[in-house]
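What follows is a short report on a single structure.
In UniProt numbering, the protein residues as written are 1 to 548.
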């Protein structure tokens, strides 16, 4: 502000004022002008934000200076006079020292300063503005200056947020999340916000991108309640996995992480594996369905070798195949802390299946192993039989849909004769036939030391005699036997309803029908294929079964 311009508004020319009046005129800028100038220049000090604070400077009649900050958004806050007033007082003292009023030159309607020796008044206030903002940005102590700085720069009052975090951590995390969403130009996920105060946060099937993972990582960085994070079926990719890993470096509360079907690939998995080893506080980790291939298993062995608290690991729906099975099998030999391992849907067969069985034989901690929907077949069952002779810790074994026929089942049961720890055996979706089902029942009766308490062959059609034997077995032993439909018995003594059986599992019924009548599947197909199309639809299968 130009002092000359301000002084020109006086009614009486300065040249006509008496000496006494000149003294009063000289004193007036000391009592009024600096404050007017301070208010105008201070209001221009806007830091990058739409929500700015106004510095209102007042002067009491006693001449004592006092400053206060009034927040334009939140309705005002009581400022600490000692913290803020010190720098403001120093400003006016410095300004008064530089402004030598004795050197005022009077003119008709102007007041001039000797520019060669005096500091420009505007520049002085500009320097103050810069020093004020710099001091505020560098300050880390709770103060109104800090509140002003964060409100101006980030649009959020950090001081108030920190105070709220002590009372309501979920609100603090929500504010951080909304702020990051605004900065990243993404929409907040309402379900994520609602669950920030709960033990479990689930954002499944949300098509979340890496930016979403980044914003959520910021929100969870200091969250004290969330222990389970489920981000199944999203698109966070390797970058999203990196953001989560950085968050998990400081957040030691989350112990259960589910990133299945999140497209993180092996690059993203490396970040998660490294943090799981470094922090070593995970108890459950799910990385299924992320496109891991055979040689990617090498990077996952750290989870078996270098963690001590990980109890449940899910790596299903990948493609480890034979080489990956070898790598994981070798890692199983030295692991004694993992309790549950899911390797289903991983194309494990031949050498890969043998390696998994060899690892199981030497493992001393695993209690539950899921290797369903692979290709163990006869060779794999022989290896598992040898493993079960030595393993004394495994409680549940899932072998569903592994191309296990009656002969392969016989090999498996031989290895189970000396095993007393296995309690649950799942063999559904395997063509063991009714004779195989009866074989299991005979094995339990002939081995009283067997620990089996549950047998699941839910897709296997059984004879009525088998069902009666199961009822007798339940009277003597505490065992659960889950099986498929009973041939010739639906509660009324009538024949089976073929249509309902086909709807239950047409493939199993078809295989059983061919076995009972001594047909090969190719012979059945040729009989059912009335139109010669070399293909069968459901109606042709139904018609063929009813005719036969």
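Using N, Cα and C, we set each Cβ at its ideal position, and we do this for glycine too.
Note that this is a predicted model, so its numbers are computed, not measured.
Does any heavy atom of the ligand FMN sit closer than 7 Å to the C-beta of residue i?
i: residue 466; result: With respect to the ligand FMN, the structure shown offers nothing to examine, as it has no ligands at all.
So the alpha helix (DSSP H) residue i belongs to, where does it begin and stop?
i: residue 217; result: 210–220
i: residue 258; result: That residue, residue 258, is in no alpha helix (DSSP H); its beta strand (DSSP E) goes 256–258.
i: residue 175; result: 169–184
i: residue 190; result: 190–194
i: residue 298; result: 297–300
i: residue 244; result: 237–250
With a Cβ-Cβ cutoff of 8 Å, do residue i and residue j count as a contact?
i: residue 216; j: residue 172; result: no
i: residue 253; j: residue 212; result: no
i: residue 583; j: residue 331; result: Past the edges of the chain, shown from 1 to 548, lies residue 583, and the structure says nothing about it.
i: residue 418; j: residue 382; result: no
i: residue 180; j: residue 203; result: no
i: residue 423; j: residue 454; result: yes
i: residue 316; j: residue 343; result: yes
i: residue 291; j: residue 325; result: no
i: residue 450; j: residue 416; result: yes
i: residue 274; j: residue 241; result: no
i: residue 410; j: residue 439; result: yes
i: residue 473; j: residue 445; result: yes
i: residue 282; j: residue 309; result: yes
i: residue 260; j: residue 287; result: yes
i: residue 363; j: residue 333; result: yes
i: residue 462; j: residue 486; result: yes
i: residue 384; j: residue 412; result: yes
i: residue 348; j: residue 374; result: yes
i: residue 335; j: residue 365; result: yes
i: residue 196; j: residue 223; result: yes
i: residue 289; j: residue 329; result: no
In its own chain, which residues sit with a C-beta less than 7 Å from the C-beta of residue i, not counting the 5 before and 5 after it?
i: residue 327; result: 297, 298, 301
i: residue 239; result: 210
i: residue 350; result: 322, 379
i: residue 62; result: Bear in mind that the predicted position of residue 62 carries a pLDDT of just 34, short of 50, making it unreliable; the figure below should be weighed with that in mind. For residue 62, where only same-chain residues beyond five positions count, there are no Cβ hits under 7 Å.
i: residue 277; result: 302, 306, 307
i: residue 437; result: 457, 460, 462, 466, 483
i: residue 530; result: 540
i: residue 188; result: 177, 178, 181
i: residue 36; result: For residue 36, the pLDDT reaches just 48, beneath the cut-off of 50, and the residue's location in the model is therefore unreliable, leaving the point undetermined.
i: residue 237; result: 210, 263, 264, 268
Output yes if chain C places a C-beta closer than 8 Å to the C-beta of residue i; else output no.
i: residue 255; result: Absent from the structure is chain C; it holds one protein chain and no more.
Grab me the residues of residue i's own chain with a C-beta within less than 6 Å of its C-beta, minus the 5 sequence neighbours each way, in chain order.
i: residue 200; result: 228
i: residue 160; result: Confidence in residue 160 is poor, its pLDDT being 44 and thus under 50, which makes the residue's placement too unreliable to answer from.
i: residue 441; result: 469
i: residue 243; result: 213, 214, 217
i: residue 532; result: none
i: residue 205; result: 233
Hey, quick one: how far does the beta strand (DSSP E) through residue i stretch, first residue to last?
i: residue 266; result: Note, residue 266: premise wrong, no beta strand (DSSP E); alpha helix (DSSP H) at 265–279.
i: residue 426; result: 424–426
i: residue 558; result: No answer is possible for residue 558: the residues shown for the chain start at 1 and end at 548.
i: residue 230; result: 228–230
i: residue 287; result: Element bounds for residue 287: n/a, residue is neither H nor E.
i: residue 201; result: 200–202
In its own chain, which residues sit with a C-beta less than 8 Å from the C-beta of residue i, not counting the 5 before and 5 after it?
i: residue 421; result: 391, 392, 393, 394, 395, 451
i: residue 207; result: 234, 235
i: residue 130; result: In this prediction, residue 130 has a pLDDT of 48, which is less than 50 and means its spatial position is unreliable; nothing more can be read from the coordinates.
i: residue 367; result: 339, 340, 393, 394, 395, 396
i: residue 219; result: 173, 174, 176, 177, 180, 192, 196
i: residue 294; result: 319, 320, 321, 322, 323, 324
Counting only runs of 3+ residues fully inside the segment 352–415, write out the beta strand (DSSP E) ranges in chain order. Whole beta strand (DSSP E) segments, 3+ residues: 368–370, 396–398.
Going residue by residue through the segment 312–352, where are the continuous beta strand (DSSP E) segments of at least 3 residues, counting only ones entirely within it? Listed in chain order, the complete beta strand (DSSP E) runs (minimum 3 residues) inside the segment 312–352 are 312–314, 340–342.
Decide yes or no for the touch test of the segment 402–410 against the segment 429–439: beta carbon pairs closer than 8 Å, at least 3 of them. Yes, they touch.
Which ranges does the beta strand (DSSP E) cover as unbroken runs of at least 3 residues, wholly within the segment 438–480, from first to last along the chain? Restricted to the segment 438–480, the beta strand (DSSP E) segments that are unbroken, complete and at least 3 residues in length are 454–457, listed in chain order.
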